[in-house]
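Notes follow the structure.
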Amino acid sequence: MNVHDTEKMLGVLLQNGYRQTDNAHAADLIILNTCSVRQKAEQKFYSELGRLKSYKKRKSDLMIGVAGCIAQQEGDNLFRRAPHVDFIFGPQNIHALHDIKNKKRPYSALEENQSIALHDLPAERSDEIRAWISIMYGCNNFCSYCVVPFTRGRERSRPSENIYREISMLAERGCKEVTLLGQNVNSYITDVDFPGLLKKLNKIEGIMRIRFVTSHPKDLSKQLAQAIADLSKVCEHIHLPMQSASDVILRRMNRRYTFEDYMRKIDSLKSEIPEISITSDIIAGFPGESDHDHAQTIKALREICFDGIFAFAFSSRPRTRAATYEDQIPDDIKLQRLNEILEVQDEITLRKNRDLIGTVQEILIEGTSESDKQKITGKTRANKIVTMGNISIPKGSLVKAEIVKARKHSLEGIPIR
Ligand code: SAM
Ligand code: SF4
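Per the working numbering, the sequence shown starts with residue 135, numbered consecutively.
Okay, structure coming up:
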């Protein structure tokens, strides 16, 4: 989501006469787009911001801006803490970048009109064959650990016609794959619900694949499973964050499902779409998490066998309810539990990838591999990375390939003529 917000910032700046540069020393304007979901991201931002101070000393007319959730969270405090910051704006007022040159500094756009639709801003997209599309903004769920509802505001769904038009235009320019973005795409609602939106978008000519993130388990409906099963362009992959398998912890997280509810949804997805790939998010060491709660999560990982997970040590965030819980877990135990979760999952991911050896997969070619320029890379419908050696197949092609090797984070394939 942040990467896409950055594409929007670039779009607005280019429209206002700026050009992008890779050389920070040559820049007249530097914006740090920030994330505050975990403290680590915040620390990284502050050390980067500290470094920019010397840039400003060397070039006094350099403008430095802070965007994103830290700007939203900290507001004017940022100017006090870092006087070299010229302007700040949050995820809901990117339009404030129009005319930024002429604003009196320090300038805070946080109070600016937020009704200007983000989707009406131009986006400078970094990839011509794959695109992120925001379909909704904000979140109403208030999971007790999460800052997002405070920084990105309440849930707003974007008109379906507007999404349809944007994707049709991208398709005309050669885009093959779209990923629909929202904090909780299942609660998308306008003239259609989320499965209805998928049905509408599935008709767009030229688009070959439709993906979406993230789905909240409490709102995952039978109709969505049916849509994934029935609609040819909707990929057989779902990211469904479980967070924990302990009901005590899930209640304290305010996730509004039990582990049994979660398992029921997983079972129904697997029976509706046997080839589905399921990935998840897990938080280790949530306040009050006992050894038993943690053991339940480990057991669930072995039982469900996710295709992959993102796991995080619990991070206490300002304004959230979980930050006020008294039974915080010491850092060393959080880390120990996180490592155990990652170790168990690594083994499962590798095993699941090895199961694909000998199968034939459809791959959308994304271009030359970053790690080996002799190879090309792409993804399966299940979102697994596949590299193929010594061949040239144009970016954006769909090819069939036999999987011949499996690693933890990628597969190796041979194209089938
Ligand atoms: N909206 C999505 C959902 O509900 O699953 C995810 C959004 S959140 C930005 C991405 C992931 O970050 C969450 O699923 C959670 O696992 C993790 N996360 C959020 N807040 C966290 C915190 N305070 N500490 C550790 N992990 C956190
Ligand atoms: Fe955060 Fe929960 Fe909303 Fe996801 S659903 S963004 S974890 S509050």
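Beta carbons are placed, not taken as given, at the ideal position from N, Cα and C, and that holds for glycine.
Distance between residue j and residue i (C-alpha atoms, nearest Å)
i, j, result
"G145", "D327", "29 Å"
"Q495", "L476", "27 Å"
"A445", "S378", "10 Å"
"L231", "Y279", "31 Å"
"D162", "D195", "7 Å"
"T454", "L472", "22 Å"
"L147", "V282", "26 Å"
"Q173", "A429", "26 Å"
"S291", "L335", "15 Å"
"G184", "R390", "41 Å"
"L358", "P329", "5 Å"
"M143", "P256", "8 Å"
"G202", "Q479", "31 Å"
"P351", "M376", "7 Å"
"R345", "S188", "42 Å"
"D552", "S181", "Coverage of the chain is limited to positions 135 through 551, which leaves residue 552 absent and any answer about it impossible."
"D401", "F440", "12 Å"
"Q462", "S450", "9 Å"
"G422", "R386", "9 Å"
"E83", "D220", "With the chain covering 135 to 551 only, the question about residue 83 has no answer from this structure."
"R515", "E311", "11 Å"
"V382", "D427", "8 Å"
"G530", "T313", "15 Å"
"I416", "I443", "7 Å"
"Q206", "L244", "7 Å"
"D425", "Y396", "21 Å"
"I240", "E295", "Note that residue 240 is Pro in the sequence shown, not Ile. Between P240 and E295, the C-alpha separation is close to 39 Å."
"I297", "Q177", "35 Å"
"H253", "T168", "20 Å"
"I497", "K404", "22 Å"
"L545", "V520", "5 Å"
"S355", "S414", "17 Å"
"S321", "W266", "18 Å"
"R264", "C309", "6 Å"
"L490", "I164", "45 Å"
Any non-hydrogen atom of the ligand SF4 within 7 Å of residue i CB
i, result
"H373", "no"
Residue i beta carbon near the ligand SAM (any heavy atom closer than 7 Å)
i, result
"I417", "yes"
"V171", "yes"
"T431", "no"
"F448", "yes"
"R451", "yes"
"Q206", "no"
"T511", "no"
"T348", "yes"
"Q154", "no"
"Q377", "yes"
ask   = Enumerated in chain order, which unbroken segments of the beta strand (DSSP E) with a length of 3 residues or greater are wholly contained in the segment 159-214?
value = 163-168 and 197-202
task = Can you list the residues near the ligand SF4, meaning Cβ strictly closer than 6 Å to any non-hydrogen atom, in the order they appear in the chain?
result = C273, N275, F276, C277, C280, V282, P283, Q317, N318 and H350
task = Within the segment 368-447, note down every full beta strand (DSSP E) run reaching 3 residues or more, in order along the chain.
result = 371-373, 411-418 and 442-447
request  = Please determine if the segment 354-366 and the segment 402-410 are in contact, where contact requires at least 3 C-beta pairs separated by less than 8 Å.
outcome  = yes
inquiry  = Please give me, in chain order, every unbroken run of the beta strand (DSSP E) with length at least 3 that falls completely inside the segment 331-370.
reply    = 343-347
request  = Inspect the CB distances between the segment 455-467 and the segment 498-515 and report whether three or more fall short of 8 Å.
outcome  = no
query = Of all the beta strand (DSSP E) runs that stay within the bounds of the segment 252-316, which reach a length of 3 or more residues?
reply = 264-268 and 311-315
message = Below 8 Å, how does it come out for the segment 303-314 and the segment 338-353: are there three or more Cβ pairs, yes or no?
response = yes
message = Using 8 Å as the cut-off, can you tell me whether the segment 256-266 makes contact with the segment 222-229, which would need three or more C-beta pairs spanning the two stretches below that distance?
response = no
ask   = Is the segment 482-495 touching the segment 539-548 in the sense that three or more CB pairs, one from each, lie closer than 8 Å?
value = yes
inquiry  = Ignoring anything shorter than 3 residues, give me the beta strand (DSSP E) runs that lie fully in the segment 506-537, in order along the chain.
reply    = 509-513 and 519-523
query = Going along the chain, which unbroken runs of the alpha helix (DSSP H) with 4 or more residues stay wholly within the segment 463-490?
reply = 465-488
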